[in-house]
Structure formats: C-alpha cells, structure tokens
Amino acid sequence: PPCEMDDVSWVKPGKVSWDWWNNLDLFGVDFSAGVNTDSYLHMIDFAAEYGLQYIILDEGWSDTRDVMRTAPDIDLEKIVAHGKQKGVGVILWVTWNGLDRKMEEALDAWSKLGVAGVKVDFMQRDDQWMMDFYWRAAEATARRKMLIDFHGACKPTGLRRTFPNVISYEGVTGLEQYKWTDEITTPDQELTLPFIRMVAGPMDFTPGGMRNADRRSFKPVFDHPMTQGTRCHQLAMYVIFESPLQMLADSPSEYRRQPECMKFLSQVPTTWDDTRVLHAKVGDVIALARRSGEDWYVAAMTDWTPRELDLDLSFLPSGAFQLEAWADGVNAARNANDFRRESRQVSQTDQLKVELAPGGGWAGWLRPAAR
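Under this note's numbering, think of the first position of the sequence shown as 4, with each following residue one higher.
Given below as structure tokens:
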C-alpha cells in the first residue's frame with residue numbers, strides 16, 4: 004500500500020554504536036563495563052565524537068517479557084537526556100512478544116522520554132498472524148515518530164513503502180553468527196548476499212568487526228568475537244551491504260585503537276543517490292560504486308579466492324578526484340588485520356587496480372579534488 008505518513012522528514016538514517024556483538028567490551032575506562040548507565044553514556048560520547056547518529060541498548064537493559072521493567076543499573080531517562088545533549092539518538096531493543104503485551108503503554112512512555120526508535124527481535128516467522136504484528140508495530144511507532152528496525156525478521160516485503168520509519172530488517176544470517184559458529188557466515192556466504200537477500204530490500208547485517216582472521220585461525224568466541232576475512236572485507240561491507248541503519252558492531256574501545264579505520268567509518272553514508280555495478284559474479288566477487296552528493300564510494304569484496312580487479316572509473320564526472328583507499332595489506336593472507344592506506348588523485352579516464360587477499364576487501368572514498 005502507499006505511504007500512510009504525512010510527514011517523513013523526521014525519519015533519519017544513520018550509523019549506530021551497537022553493544023551486543025562486542026559484549027560491551029570496554030577497556031581503558033574508569034567504570035565497570037556492562038549493561039549499566041555509565042557504559043551507555045560512554046557509548047553516546049563515542050558516537051558523538053565520530054559523528055554516529057545513534058546507539059542501541061540491546062538485550063539486558065529491560066526484562067524481556069515486561070519491557071517496562073528496567074534493569075536496576077539502567078537510568079533510561081539519564082541516558083536519553085545525555086544523548087539529546089550530544090545529538091545522539093537512543094534505540095531500544097525489545098522482544099516482539101514483550102512489546103506486543105504493552106505496545107501502546109511502552110511506546111507512549113519511551114516517546115515521551117525522547118527515545119528515537121525500537122529494535123524488535125525474535126519474530127522468526129512470516130505467517131499471517133506475525134505479519135499483522137509487523138504492520139501494527141510499524142504503524143504504532145510511526146504515529147509517535149519513532150524508527151523501527153526488525154531483527155530476527157523475515158526478509159522485507161514492502162512495508163517500508165507504507166511506513167518509511169521501518170528503517171531496516173535483519174532477515175539474514177549476519178555477523179552475529181561468528182560468535183558461535185564457523186560454518187554459516189563466511190566470505191563465501193557473504194558474496195551471495197548482494198545478489199539474493201539484498202534484492203528484497205535493506206539488510207541489517209551488522210558489520211564492523213575489528214578482530215579479523217583467516218579461516219585457519221578463526222575460532223568462534225562468544226564474548227570476544229572475531230570475523231572471517233580481512234579488515235578491509237569488513238570496511239567494504241558498508242558500501243556493498245545496503246541498510247539505512249548501519250551498525251558498528253565492535254566496541255568503542257576497539258574502534259579507538261583503529262583511527263584510520265574510523266576515518267572511513269565516520270564518513271561513509273548509509274543511503275545513496277546512485278549505484279553502479281563495476282564487477283560481479285554470484286558467490287565469488289563484487290565491486291560497486293555508490294554516490295552520495297558529490298562523493299563516490301567504491302568497494303570490492305571476494306570469497307576465499309584472492310583476486311586482482313581493474314575497476315573502470317568512467318562513471319565519474321569530469322575533473323580530478325581525491326582518492327582515499329583502504330586496501331588489504333601485503334600480509335593480509337597471513338594476518339587478516341593487515342591493511343594499508345592509499346591516497347592519490349584520479350579521474351574518469353583511470354582504472355583502479357585492486358588486489359584482494361583471500362576473504363579480502365577494498366574500500367575507497369572519492370571526492371572532488373577542488374573542494
């Protein structure tokens with residue numbers, strides 16, 4: 004059905020500092036990290052420092068069956084107020100059945116506090132009864148000018164056309180799988196997603212892991228997770244995997260140790276004005292160029308096969324562009340954390356030679372040199 008919202012100007016996409024994947028693994032701080040007010044105030048400060056628009060309070064901040072019962076170490080009013088002061092919105096994770104029991108009461112209370120939205124989890128089915136819940140939750144949040152992100156969800160089916168506050172869906176075996184298995188989410192699987200799952204709509208894969216491993220050294224570690232594939236494989240996902248609400252899955256402490264990666268992550272948009280496919284083969288390799296305003300972002304990802312690509316830049320308008328690139332390091336096949344920075348001027352007559360390590364990636368930001 005067509006859009007039922009008279010005003011959508013308040014629906015703001017953005018990037019999110021997310022707590023659950025990294026187990027709130029904060030270090031070098033002067034408080035006890037965990038599901039508590041101090042940790043979320045710290046996350047808000049981190050988000051503000053790097054221009055991230057939101058944080059999420061994931062599982063643990065409230066009772067999963069009674070969403071109005073806040074955990075004893077959480078001062079939600081203080082957290083939301085600090086977010087407002089810093090220009091960072093707060094999104095609350097809830098189970099679908101916990102929300103459904105008290106939908107009107109809970110959304111009224113959170114809206115009054117100034118909560119930006121909800122992340123609803125564990126639907127895990129798409130029968131008629133559950134699809135009715137999706138509609139009711141989308142409508143109820145839209146009435147209160149709140150975003151909604153469906154996690155533990157089916158693939159998108161067009162609901163965001165009717166309610167544009169439906170900002171993203173999971174509907175994918177995403178980065179969280181690395182916490183408990185080495186068999187489901189892999190670079191091979193990740194190279195099928197742009198061709199299959201992403202056709203249906205936004206995909207909340209939750210990228211951004213900063214502990215990276217080749218398949219020989221990877222181990223699923225729930226509390227201190229790592230990813231398969233290279234550091235630049237993770238960075239490339241922010242261009243290739245489309246989600247208006249894009250997670251930064253690792254902890255602020257890890258990101259602060261990676262200022263060169265944060266230069267890219269703090270700048271990359273989450274919505275796009277134009278997209279060009281530069282190279283693609285299902286399950287093997289993909290390279291995309293996406294435009295936001297005058298800037299172009301180019302990214303490439305491969306499966307476990309190393310590759311060399313020549314990327315044609317004829318999509319660029321005339322004139323010189325300053326390229327900043329994040330590329331697999333010389334030793335990325337042995338140490339997946341290895342990457343190198345590149346910077347030079349290019350134009351539409353150039354070709355980019357991109358070398359991808361096994362499970363590798365490449366990410367580039369091109370902006371007009373005259374700016």
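All C-beta atoms, glycine included, are put in the ideal place defined by N, C-alpha and C.
As the structure is a computational prediction, the values presented were derived from the model and not from experiment.
Note that the stretch 18-26 touches the stretch 49-59; at least 3 beta-carbon pairs, one per stretch, sit closer than 8 Å. Rounded to the nearest whole angstrom, the C-alpha separation of residue 134 and residue 104 is 16 Å.
Secondary structure note for residue 89: it is in no beta strand (DSSP E), and the uninterrupted alpha helix (DSSP H) holding it is 79-89.
Excluding sequence positions up to five before and after residue 295, its CB lies within less than 8 Å of the CB of 272, 274, 275 and 276, all in the same chain and listed in chain order.
For residue 367, the enclosing beta strand (DSSP E) starts and ends at 364-371. Using a Cβ-Cβ distance cut-off of 8 Å, the stretch 228-242 and the stretch 277-286 are not in contact, since fewer than three pairs of beta carbons, one from each stretch, lie closer than that value. The C-alpha of residue 349 lies about 37 Å from the C-alpha of residue 219. Segment contact: the stretch 347-367 against the stretch 295-309, three or more CB-CB distances shorter than 8 Å; contact assigned. Looking at 210, 111 and 247, the one whose alpha-carbon comes closest to that of residue 231 is 210. For residue 93, the closest alpha carbon among the candidates 46, 127, 125 and 67 is that of 46. Residue state for residue 260 is assigned as coil, using DSSP reduced to three classes. Residue 173 is positioned such that its CB atom lies closer than 8 Å to that of residue 153. Annotation: the stretch 130-191 contains the following complete segments of the alpha helix (DSSP H) (minimum length 4 residues), in chain order: 131-146 and 162-165. By the beta-carbon neighbour count (other beta carbons within 10 angstroms, threshold 16), residue 184 is exposed. In the structure shown, residue 42 adopts helical secondary structure according to DSSP, grouped into three states. Residue 304 has 289 and 364 as its beta-bridge partners, per DSSP. The C-beta distance from residue 290 to residue 324 rounds to 17 Å, too long to meet the 8 Å contact threshold. Counted as a single uninterrupted DSSP element, the alpha helix (DSSP H) harbouring residue 116 occupies residues 106-116. In the three-state DSSP reduction, residue 241 falls in the helix class (H, G or I). A Cβ-Cβ distance of about 6 Å is found for the pair residue 97 and residue 123, placing them in contact under the 8 Å criterion. When DSSP states are grouped into helix, strand and coil, residue 49 belongs to the helix group. Looking at the backbone, the Cα of residue 180 and that of residue 188 are separated by about 6 Å. A direct Cα-Cα distance of roughly 12 Å separates residue 109 from residue 73. Looking at the DSSP output, residue 331 bridges to 342. Taking the CA atoms as reference points, residue 162 sits about 7 Å from residue 138. In terms of Cα proximity to residue 82, the closest of 40, 328 and 217 is 40. Annotated three-state conformation of residue 271 is coil, per DSSP.
Around residue 61, the same chain offers 22, 23 and 96 as residues with beta carbons nearer than 6 Å, after the five sequence neighbours per side are excluded. The Cβ atoms of residue 264 and residue 330 do not sit closer than 8 Å to each other. Under the criterion of beta carbons closer than 8 Å, residue 91 and residue 58 qualify as touching, at roughly 6 Å.
Beta-bridge partners of residue 325 (DSSP): 348 and 370.
Approximately 24 Å separates the beta-carbon atoms of residue 168 and residue 196; this is outside 8 Å, ruling out the contact. Within the same chain, and ignoring the five residues on either side of residue 101 in sequence, the residues whose Cβ sits closer than 6 Å to its Cβ are 67, 68 and 70.
Short of 6 Å from the beta carbon of residue 341, and not among the five residues preceding or following it, lie these beta carbons of its own chain, in chain order: 332, 334 and 335. By DSSP's assignment, residue 250 forms a beta bridge with 19.
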